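Data first, discussion second: the structure below is written as C-alpha cells.
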Amino acid sequence: MASFQRPSGDITTLLDLADRDAQDNAYFPLNAKQSWFARSPDRRTMPYTPVLQDFQYRGPAGFGQRFTFDIASQTCGDLLLGAVLQLQLTSWLDLTSVLNLQSQTYQYQTPSQAWYYTNAMGQILLKQVELEIDGTTIEMVDGDLATTFSVLYPDLNTQVGPGVDHLGIAPLSQILNWPQYRVFPTESGFLHCLLPLFFQRTRMKEGLPLVAIKEGTVRLHITYHHQSCEQIPPV
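Listed below in C-alpha cells is the structure:
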C-alpha cells in the first residue's frame with residue numbers, strides 16, 4: 026500500500042495560479058490601501074449589493090422556547106455577512122376588533138391605559154443566540170449585546186435595517202403619541218431584530234465563509250425569554 030506524502034514548498038492559492046492579465050493590478054493590487062475588496066472606511070456606500078435570503082426555522086418558537094435555523098451555503102451563498110430575525114406580530118384582540126380599530130370605528134376611551142407592544146421588543150425578547158458550526162458552539166450573544174452594539178453605532182447611514190425607534194431610546198412622550206388606530210408598531214406587522222454575531226459587528230468588513238465550512242453544519246439556535254418570571258422553571 027503506497028504511503029501518502031504531503032507536497033513540499035510554500036502554500037499557493039488558486040488565485041495566485043490564475044492568470045488575470047491586465048486585471049491583476051485592478052482587483053488584487055500589490056501596494057494599495059483601497060481596492061475592490063478593501064473599501065475606504067469613510068465611504069458610506071458599498072461596492073456590491075448583498076442578497077437577502079429567508080430561512081425557515083424548526084422547533085417551537087414561543088416564549089421561553091428554543092428553535093433552530095439551518096444555514097446552507099447552497100441557498101445562502103459563499104459569504105454570510107449578517108443575520109436578522111424576522112418576527113411576525115399578532116394581537117391580543119380578535120380580528121374583528123383589529124379591523125374596526127384600524128378603520129377608527131373603535132376608539133379607546135382612555136388611550137393612556139391601552140395595551141401596546143413594549144419598546145425595543147425584539148431585543149428584549151432575545152434571551153440567547155448561539156452560532157454552531159459542526160457541532161461546536163462558536164459564539165453566544167443576547168439581546169443586551171444587540172442593544173449595546175446598536176447604540177455604539179448611532180449613524181443611520183451605517184445601521185442595518187433602521188426603523189422607528191429600533192434602539193428603544195426614544196423619549197416616552199414621543200412613544201405615547203402613537204396613532205390610536207395603529208395595532209402594530211410597524212406598518213406590515215413585522216419586526217426585524219439584529220443578531221450581532223462576530224462577523225456582523227464589523228459593519229460589512231467581514232463575513233462568515235460558508236464556502237469553507239462543511240455543508241449542513243452551520244446552525245443558529247435562538248432562545249426567547251419567558252413571558253413572565255413565574256414561567257421560569259426552578260433551578
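Under the numbering used here, read the sequence shown as residues 26 to 260, first letter to last. Using N, Cα and C, we set each Cβ at its ideal position, and we do this for glycine too. Quick caveat: nothing in here was measured; it's all calculated off a predicted structure.
Sequence-distant Cβ neighbours of L222 in its own chain, meaning closer than 7 Å and more than five residues away, are A108, L156, E164 and V166. Assigned with DSSP and collapsed to three states, P234 falls in strand.
Counting the other Cβ atoms within 10 Å of the Cβ of L120 gives fewer than 16, which makes it exposed. In the structure shown, L110 falls within a strand segment according to DSSP collapsed to helix, strand and coil.
Contact check for R244 against T115 fails: the beta carbons are separated by 7 Å or more. Take the alpha-carbon of E240 and the one of F80: they are about 15 Å apart. Nearest to G160 by C-alpha distance, out of H250, H251, H246 and Q252, is H246. Comparing alpha carbon positions, the residue from Q138, T162 and V176 closest to Q148 is V176.
For D159, the three-state secondary structure derived from DSSP is coil.
For L245, no alpha helix (DSSP H) encloses it; the enclosing beta strand (DSSP E) starts and ends at V243 to Y249. When secondary structure is reduced to three states using DSSP, V154 falls in the strand class. Per DSSP, the unbroken alpha helix (DSSP H) holding D169 starts and ends at G168 to L177. Contact between S98 and L235 is confirmed by a C-beta separation of about 4 Å, below the 8 Å threshold.
Counting of Cβ neighbours within 10 angstroms places P75 among the exposed residues, the total staying below 16. Short of 7 Å from the beta carbon of Q153, and not among the five residues preceding or following it, lie these beta carbons of its own chain, in chain order: M165, D167 and T248. With contacts defined by Cβ atoms closer than 7 Å, G232 and L104 form a contacting pair. Linking F224 to T162 through their CA atoms gives a straight-line distance of about 15 Å.
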